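This is the structure in structure tokens:
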């Protein structure tokens with residue numbers, strides 16, 4: 001998959017500037033929600049910090065991914081009319097479908113055989129054209145390449161794309177408007193789009209705010225890449241946080257290694273406990289990926305005691321019929 | 001139980017004026033959240049209306065009851081220091097406990113033998129003194145009377161109290177500030193505190209806004225009282241909406257019969273389906289009682305097609321280990 005799937009950019013294609021995030025915020029403002037920031041005395045007491053939860057689970061399509069997809073789709077120029085393409089069957093797939101519908105152009109989503117019925121239905125409901133492929137990376141890439149050739153559609157990468165990164169950065173930009181002067185912002189890290197966008201947003205808007213990544217211990221390639229300074233792919237991720245199994249992308253990594261304060265890892269047991277606690281105490285539905293930074297706070301894995309901490313709750317798409325605390 | 005448990009009021013003790021709601025809003029503002037209003041394209045499409053969800057499930061203690069309890073507790077004068085008392089083991093019990101803690105006075109909560117451990121823990125965590133009684137109405141009332149005699153604590157009724165009603169009315173007052181000019185507001189009705197407070201708030205702030213009650217078919221005493229014009233108690237309620245099993249109180253009824261447009265009833269199957277849909281689509285945790293007005297909208301039981309409709313989502317306190325759609 002090309003690392004630069006969108007229109008050529010006259011600048012260094014790997015760079016994202018604060019101005020790009022400001023432009024993204026403007027570009028996407030009519031299509032995405034300004035999500036609320038919630039607080040909870042009990043979560044504060046349990047974490048020992050003052051925590052501000054940016055509720056991207058309440059975002060369109062139930063995830064922050066709506067931001068990056070809209071920025072990428074609405075940045076397309078002449079090529080737009082041929083449509084857009086992705087092979088994510090998760091939140092990014094739904095986000096691209098929604099953004100294309102809002103722009104009035106076709107969206108093609110490649111999904112593997114055996115994809116769950118609710119995932120398929122949610123992308124179909126958004127008007128995307130679905131192509132079912134063999135459930136392997138090779139099958140997916142072949143199907144995407146064929147579609148791209150046949151339709152001329154532009155591939156929107158879920159994270160290794162400066163426009164997607166700039167879009168994701170608008171969540172932190174908003175959070176820092178809603179709660180100025182935070183000591184820190186925590187996000188989960190999978191492919192790195194959100195974490196890298198958050199770095200650029202924080203440096204531009206609030207240079208004193210430190211940015212931390214949080215990652216499942218069973219998919220800790222970002223942690224290892226950050227510590228070694230060398231991008232290391234994740235061969236065999238094992239975590240309940242299905243949104244974070246992707247390997248860190250090279251464009252996000254270049255931003256993260258320079259701008260992130262530290263990355264903490266948390267085990268799946270802590271992720272599930274944090275997820276259930278947020279549902280119970282805060283009355284919001286979050287998916288396991290969203291619970292990763294919460295788990296890091298509750299387990300005191302970062303030096304944030306007494307600090308004002310923003311947490312980006314990334315999404316709320318879960319199968320309510322198969323919750324991790326239900327008996328098998 | 002006395003219908004007028006709080007300090008004597010020089011006016012007609014059954015009356016609640018719009019000014020009382022404005023005063024309540026001022027009195028409680030530092031203790032309760034200004035809850036967000038959420039919208040959802042998909043909920044609009046399914047209901048055929050434009051719906052604004054006032055998220056009192058995100059309120060302190062996870063329910064709008066925090067409003068009425070704070071208004072009643074902070075209105076007490078000399079008697080306050082002897083503390084307050086309630087025998088609700090649900091949201092009102094937690095609300096009174098929190099309000100008393102915030103005022104720095106004792107709270108006594110009478111709970112029946114066999115009350116669930118999470119309910120007990122949540123009231124205990126708020127610092128209330130718990131008295132366990134026999135699980136009958138007589139046992140509860142005897143325990144409350146004894147406590148009242150021994151301590152001098154003031155009983156805070158969950159709904160048949162003008163100050164509680166005025167506090168509950170602040171939810172609709174806020175909603176009408178956040179979304180002016182709504183065509184209608186829907187609330188569930190159990191004892192009637194929220195519905196009657198909503199009537200007073202709407203008449204005062206937005207006379208063109210019609211107020212509708214919604215009630216489980218298995219606990220339809222408000223519906224029957226409204227239709228017959230005669231207050232009829234609920235002998236044997238059967239509904240999953242545990243917050244709505246109480247019988248309508250006389251003070252709320254006097255307000256409701258004059259000011260409510262209509263009351264719709266919905267079966268439990270519709271309540272559970274609406275509850276699950278809200279979790280899935282809107283990513284928020286609501287309890288069955290909150291789903292009652294949503295079910296009325298989804299089942300098109302009220303003439304609201306194409307209208308701008310406010311719905312008060314009353315609470316989010318559920319046992320996550322025993323959701324109604326989990327297998328037995």
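Residue numbers (the working numbering), protein chains in the order written: chain A, 1 to 328; chain B, 1 to 328. Backbone N, C-alpha and C fix where the C-beta goes; we use that ideal spot for every residue, glycine too. Keep in mind the model is a prediction, meaning the values are calculated, not measured.
Point to revise | chain B residues whose Cβ lies nearer than 7 Å to that of residue 36 of chain A | key: Residues of chain B with a Cβ closer than 7 Å to the Cβ of residue 36 of chain A are, in chain order, 36.
Check your understanding: DSSP beta-bridge partners for residue 113 of chain A?
Key -> Assignment of beta-bridge partners to residue 113 of chain A by DSSP yields no partner.
**Study point:** Interfacial residues, the region 43–59 of chain A to chain D, with Cβ spacing under 7 Å
**Key:** Of the protein chains in the structure, A and B, none is chain D.
Exercise for review: Measuring alpha carbon to alpha carbon, tell me which of A/176, A/299, A/202 and A/192 ends up nearest residue 162 of chain A.
Suggested key: Sorting A/176, A/299, A/202 and A/192 by C-alpha distance to the C-alpha of residue 162 of chain A places A/192 at the top.
Practice item. Could you check the C-alpha separation between residue 1 of chain B and residue 143 of chain B for me, to the nearest Å? Key: Note on residue 1 of chain B: pLDDT 38, under 50, position unreliable in the model; no value is reported.
Review point. Based on the DSSP secondary-structure assignment, which residues constitute the bridge partners of residue 215 of chain A?
Key: Residue 215 of chain A is bridged to A/265.
Exercise for review: Grab me the residues of residue 199 of chain A's own chain with a C-beta within less than 7 Å of its C-beta, minus the 5 sequence neighbours each way, in chain order.
Suggested key: Within its own chain, the residues whose Cβ lies closer than 7 Å to the Cβ of residue 199 of chain A, once the five positions on either side in sequence are excluded, are 211, 255, 256, 259 and 260, listed in chain order.
Check your understanding: Going along chain A in order, which residues have a C-beta closer than 9 Å to the C-beta of residue 149 of chain B?
Key -> Chain A residues near residue 149 of chain B: none, gap ~34 Å exceeds 9 Å.
Practice item. Consult DSSP for residue 315 of chain B and reduce its assignment to one of helix, strand or coil. Key: In the three-state reduction of the DSSP assignment, residue 315 of chain B falls in the strand class.
Point to revise | CA-to-CA distance, residue 63 of chain B to residue 208 of chain A, given in whole angstroms | key: Taking the straight line joining both Cα atoms gives about 37 Å.
Check your understanding: residue 66 of chain B lies in the beta strand (DSSP E); which residues open and close that run?
Key -> Where residue 66 of chain B is concerned, there is no enclosing beta strand (DSSP E), although the alpha helix (DSSP H) it sits in stretches over 65–75.
**Study point:** Residues from the region 234–251 of chain A in contact with chain B, defined by Cβ distance under 9 Å
**Key:** Within the region 234–251 of chain A, no residue qualifies.
Check your understanding: Ordered along the chain, which non-local residues of its own chain (more than five positions away) have a Cβ less than 7 Å from that of residue 120 of chain B?
Key -> Setting aside the 5 residues that flank it on each side, residue 120 of chain B is surrounded in the same chain by 111 and 130, each with a C-beta closer than 7 Å to its C-beta; the list follows chain order.
Point to revise | C-alpha distance - residue 216 of chain A paired with residue 297 of chain A, whole-angstrom precision | key: Those two C-alpha atoms are separated by around 13 Å.
Practice item. Check whether the Cβ of residue 285 of chain B lies closer than 7 Å to any Cβ atom in chain A. Key: Interface with chain A (7 Å Cβ-Cβ cutoff): residue 285 of chain B is included.
Practice item. Output, in sequence order along the chain, the residues in the region 282–306 of chain A whose CB is closer than 7 Å to any CB in chain B. Key: Residues 283, 284 and 285.
Practice item. Apply the 10 Å Cβ neighbour rule to residue 146 of chain A and answer buried if 16 or more other Cβ atoms are within range, or exposed otherwise. Key: Around the beta carbon of residue 146 of chain A, fewer than 16 other beta carbons sit within 10 angstroms, so the residue counts as exposed.
**Study point:** residue 6 of chain B versus residue 185 of chain B: straight-line alpha-carbon distance, rounded
**Key:** Confidence in residue 6 of chain B is poor, its pLDDT being 44 and thus under 50, which makes the residue's placement unreliable; the coordinate value appears in the next sentence. Roughly 29 Å between the two C-alpha positions.
Point to revise | C-alpha gap between residue 178 of chain B and residue 149 of chain B, whole angstroms | key: The alpha-carbon atoms of residue 178 of chain B and residue 149 of chain B are separated by roughly 44 Å.
Point to revise | Neighbour list for residue 320 of chain A in chain B, Cβ cutoff strictly below 9 Å | key: The contacting residues are 276, 279, 280, 323 and 325.
Practice item. Go to residue 294 of chain A, then tell me how far its alpha helix (DSSP H) extends in each direction, as first and last residue. Key: 288–298 is the extent of the alpha helix (DSSP H) around residue 294 of chain A.
Point to revise | Where the alpha helix (DSSP H) containing residue 164 of chain B begins and where it ends | key: 162–178 is the span of the alpha helix (DSSP H), which, as asked, contains residue 164 of chain B.
Point to revise | Among A/59, A/321 and A/205, nearest to residue 19 of chain A - alpha-carbon criterion | key: Among A/59, A/321 and A/205, the Cα nearest to that of residue 19 of chain A is on A/205.
Point to revise | Between the CA atoms of residue 101 of chain B and residue 271 of chain B - distance to the nearest angstrom | key: Whole-angstrom Cα-Cα distance: 34 Å.
Check your understanding: Along the region 58–75 of chain B, what residues have a CB closer than 7 Å to any CB found in chain A?
Key -> Going along the region 58–75 of chain B in chain order, one finds 58 and 62 with a Cβ nearer than 7 Å to chain A.
Review point. Given that residue 316 of chain B touches chain A, what residues does it touch there, using C-beta distances under 8 Å?
Key: Ordered by position in chain A, the residues that pass the 8 Å Cβ test against residue 316 of chain B are 283.
Practice item. Indicate whether residue 93 of chain A and residue 109 of chain A have their beta-carbon atoms separated by less than 7 Å. Key: The Cβ atoms of residue 93 of chain A and residue 109 of chain A lie closer than 7 Å to each other.
Review point. Would you report the Cα separation of residue 319 of chain B and residue 285 of chain A, rounded to the nearest angstrom?
Key: Each residue's alpha carbon lies about 14 Å from the other.
**Study point:** Distance between residue 123 of chain A and residue 175 of chain A (C-alpha atoms, nearest Å)
**Key:** Their backbone Cα atoms lie some 28 Å apart in a straight line.
Practice item. Would you kindly work out how many angstroms separate the C-alpha atoms of residue 141 of chain A and residue 31 of chain A, rounded to a whole number? Key: Straight-line Cα distance between these residues: approximately 29 Å.
Review point. Between which two residues does the beta strand (DSSP E) harbouring residue 186 of chain B extend?
Key: Looking at the DSSP string, the run of the beta strand (DSSP E) that includes residue 186 of chain B is 184–188.
Review point. Who are the near neighbours of residue 288 of chain B in its chain, counting only those whose CB is closer than 6 Å to its CB and skipping five residues on each side?
Key: Correct list, in chain order: 240, 241, 271 and 275.
Point to revise | Distance, residue 15 of chain A Cα to residue 67 of chain B Cα | key: The alpha-carbon of residue 67 of chain B is positioned some 50 Å away from that of residue 15 of chain A.
Practice item. State the DSSP-derived secondary structure class of residue 309 of chain A, mapped to helix, strand or coil. Key: DSSP places residue 309 of chain A within a strand segment (E or B) once states are collapsed to three.
Practice item. Look up residue 210 of chain A in the DSSP assignment and give the residues it is bridged to. Key: For residue 210 of chain A, which the question treats as bridged, DSSP gives the partners A/184.
Exercise for review: With DSSP collapsed to three states, give me the class of residue 137 of chain B.
Suggested key: Helix at residue 137 of chain B.
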